[in-house]
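See structure below.
Chains as they are written, first to last, in the numbering used here: chain A, 375 to 641; chain B, 13 to 541.
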């Protein structure tokens, strides 16, 4: 004790607590008054993304994967939470972008942070063009989308749920592995292509080439289906309540049911 | 020794160190020319101070200058990594070194004045008249933010507007995303004011002032954070800077620098595509079971711990509990008299680089990353590594300890069909000397001559490990069937590993499953013989 007392007597400034540093408090107050911080991380992300995506040649599904990885990196770098992802998609991005690969970007941003009981609401009505890649590799939780301009919805989806309040374009549920996609409107062509698991349920009509090379899972169409159903299908189930065109002859397996006389009948 | 000079400077330097809680810049030395510099090379940093500066400034101003320079170490930029990133974030901007230094100075000064309450740096400004527009602008900005006099500057209306622009930047928020945004905005505000030379006594650090070791370590750190393409862009900029003749950065004091900086050629940065994977692969250790083990090792002596060393040899007591460069120590292991060689055989990595595999230039290729991890681990154990890179043709490298050649051959992307030419492979195997050898096949199993390959590997002498890259493409079902064929027809001694994500790479095991090594196993299936 004596040694400590002597040490403190010799060095009176040795023990200083920031909680009693009133000078620092005043300095910070002044700093905060003068500095009008205009940094907006969502705007910053948009600027960064625009600069990055401008260098990307053409658009293929491989480009979607790149955009998705970029989205994951951005989310980690900026420490995004689910509310910020929703604001980014619904408010910030539509001011400067018409759509295109944004779905892949947003899917990347929420991929790691969404939890089982989380829900993310995305509004497509603010975009002038189509948005591709929403729900790409969707892992868990619920994704609710309002609007009609989405292509490549739920590609390689792993789990969770996607609800589309509107109609979708082509390639819904491509390479899907798990989870459920509910569509209140119609879908375009190639629904459930290469699907391996999970459920796609469509309240309206589906376009042509349903379940091409399908290897598992189930597609339920409450409306009509187009031509060339189950082209190259190997496994899984397709159910069509309304009318449909030809069932492709190049089918290796799987089951196709049609609603006839008040019950499902195997085609 | 210059006793009067030391008598004046030493107490001030000691006070500055004390004020900043003793940063590890422990020595101050006189320089023969008019400048100040912190050298970042060597285990103990030192501050070089120009003799004329000690005559020009009062003690209080000198204390302020010391505070400023030491705070660059304490607060910002702190490390070479940040210097490199800031430089690259400025993109196409001209005068990048000048802007970066001014930006770092603003952060350091505001931190001293606002957070630390050390006002002496303002005295240094007061004792030196403002000579340039940018100097006046920043002094006025400091005054506005702190209320302290920085030499009583007056600004014309055009510069007043810029003060407002500077006031929208929160310089004290140093998170990465903020720094990137802030330095770019700062550059926009002051970019066109840099035609006049500033007379401030502070050091102007450029990339070429840093040693190769520091830059290497910084680039390794950056590789862990960014994707391959971005890393390549950054590395290209660094190489350009280091090789450029135009980058003789003039000191703001007007005189030449203490260390003009020799041109650094960091060879590995000239292949950033490879250095990214090499650095990333350092994160992963794969388990390689030795064939024979007859004894054990004992700690023989204490030596410096290197980044590549196994953490098992780290000596926490001699390292004071810290894994810091130049400080950390390890046990050098030596064998007992009856110790027999740990027999880790040479390895031949057969890597698929066909069109169905991801192009490592465009996305992170787990095949290449896994290959690098395996090669690194074998080489670290003293074994040699050979490579067969196959697509339309087999590109071959006979087993060697030349890391660079191994990595280069693993990284090649042919991007064509997928035929493993068995005749060539057989000739390659026969050309090697006798003895045990590990064969590791890394593929998505989209191999066109599957039957031939299975037949060949059924009879191969040596341990075989098959690493299946799940492709996620429309062909995956067919590839899965091929992979099943491997598992059904190859002998029970073969080890199988499935890789779908980067996190699967540490699960790769050669000769023994991850589960056998670490107690649980979900992903890797080994056929028990």
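We put the beta carbon where it would ideally sit given N, CA and C, even for glycine.
Indicate the three-state DSSP secondary structure (helix, strand or coil) for residue i in the structure shown.
| i | result |
| --- | --- |
| residue 114 of chain B | helix |
| residue 505 of chain B | coil |
| residue 405 of chain B | coil |
| residue 480 of chain B | strand |
| residue 158 of chain B | helix |
| residue 128 of chain B | coil |
| residue 62 of chain B | strand |
| residue 253 of chain B | helix |
| residue 217 of chain B | coil |
| residue 235 of chain B | helix |
| residue 358 of chain B | strand |
| residue 294 of chain B | coil |
| residue 474 of chain A | strand |
Note down the Cα distance separating residue i from residue j, rounded to an integer number of angstroms.
| i | j | result |
| --- | --- | --- |
| residue 435 of chain B | residue 537 of chain A | 55 Å |
| residue 432 of chain B | residue 511 of chain A | 32 Å |
| residue 127 of chain B | residue 121 of chain B | 10 Å |
| residue 571 of chain A | residue 534 of chain A | 12 Å |
| residue 255 of chain B | residue 223 of chain B | 14 Å |
| residue 402 of chain A | residue 137 of chain B | 22 Å |
| residue 420 of chain B | residue 609 of chain A | 42 Å |
| residue 363 of chain B | residue 585 of chain A | 34 Å |
| residue 4 of chain B | residue 233 of chain B | Absent from the structure is residue 4 of chain B, since the part of chain B shown begins at 13 and ends at 541. |
| residue 276 of chain B | residue 335 of chain B | Here residue 276 of chain B scores only 47 on pLDDT, less than 50, and its place in the model should not be relied on; the value that follows carries that caveat. Their Cα atoms are separated by approximately 27 Å. |
| residue 594 of chain A | residue 567 of chain A | 14 Å |
| residue 580 of chain A | residue 418 of chain A | 39 Å |
| residue 340 of chain B | residue 311 of chain B | 16 Å |
| residue 481 of chain A | residue 509 of chain A | 6 Å |
| residue 181 of chain B | residue 104 of chain B | 21 Å |
| residue 399 of chain A | residue 153 of chain B | 20 Å |
| residue 259 of chain B | residue 451 of chain B | For residue 259 of chain B, the predicted structure reports a pLDDT of 44, less than 50, and the residue's modelled location is therefore unreliable. The matter cannot be settled from this model. |
| residue 247 of chain B | residue 100 of chain B | 9 Å |
| residue 337 of chain B | residue 443 of chain B | 43 Å |
Can you tell which of the options has its C-alpha closest to the C-alpha of residue i?
| i | options | result |
| --- | --- | --- |
| residue 448 of chain A | B/519, B/189 and B/381 | B/189 |
| residue 522 of chain A | A/588, A/578 and A/396 | A/578 |
| residue 624 of chain A | A/640, A/632, A/633 and A/606 | A/606 |
| residue 367 of chain B | B/185, B/404 and B/388 | B/404 |
| residue 515 of chain B | B/419, B/173, B/377 and B/494 | B/377 |
| residue 557 of chain A | A/635, A/630, A/528 and A/602 | A/528 |
| residue 209 of chain B | B/131, B/147, B/494 and B/394 | B/147 |
| residue 471 of chain B | B/211, B/438, B/398 and B/154 | B/438 |
| residue 441 of chain A | A/453, A/455, A/420 and A/458 | A/420 |
| residue 506 of chain A | A/543, A/491 and A/493 | A/543 |
| residue 611 of chain A | A/627, A/551 and A/482 | A/627 |
| residue 587 of chain A | A/565, A/486 and A/600 | A/565 |
| residue 150 of chain B | B/184, B/129, B/115 and B/248 | B/115 |
| residue 412 of chain B | B/430, B/393, B/507 and B/22 | B/393 |
| residue 34 of chain B | B/241, B/460, B/14 and B/57 | B/57 |
| residue 438 of chain A | B/231, B/212, B/375 and B/117 | B/375 |
For residue i, write down the residues that DSSP places opposite it in a beta bridge.
| i | result |
| --- | --- |
| residue 343 of chain B | B/314 |
| residue 634 of chain A | A/637 |
| residue 609 of chain A | A/589 |
| residue 299 of chain B | B/521 |
| residue 169 of chain B | Paired residue(s): none; residue 169 of chain B is not in a bridge. |
| residue 327 of chain B | B/341 |
| residue 87 of chain B | For residue 87 of chain B, which the question treats as bridged, DSSP gives no partner whatsoever. |
| residue 39 of chain B | B/58 |
| residue 510 of chain B | B/480 |
| residue 594 of chain A | A/575 and A/613 |
| residue 621 of chain A | A/603 |
| residue 465 of chain A | According to DSSP, residue 465 of chain A bridges with nothing at all. |
| residue 242 of chain B | DSSP, once it has assigned bridges, lists no residue as partnering residue 242 of chain B. |
Give a single yes or no on whether residue i has its beta carbon closer than 7 Å to a heavy atom of the ligand MG.
| i | result |
| --- | --- |
| residue 583 of chain A | Judged by which ligands are present, the structure shown has none, so any question about the ligand MG falls away. |
(request) Pick out the complete beta strand (DSSP E) segments inside the segment 477–560 of chain A, 3 residues or longer, and give them in chain order. (result) Listed in chain order, the complete beta strand (DSSP E) runs (minimum 3 residues) inside the segment 477–560 of chain A are 493–497, 516–520, 535–539 and 554–557.
(request) Write down every uninterrupted run of the alpha helix (DSSP H) in the segment 417–469 of chain B whose length is 4 residues or greater and which is fully enclosed by it, in chain order. (result) Complete alpha helix (DSSP H) runs here, min 4: 434–443.
(message) Just to confirm the assignment: which complete alpha helix (DSSP H) runs, minimum length 4, are found wholly within the segment 375–455 of chain A?
(response) Runs found: 376–384, 396–408, 415–427 and 435–452.
(request) Jot down the residue ranges of each uninterrupted beta strand (DSSP E) in the segment 360–415 of chain B, minimum 3 residues, whole runs only, in chain order. (result) Within the segment 360–415 of chain B, the complete beta strand (DSSP E) runs of at least 3 residues are 397–402 and 406–412.
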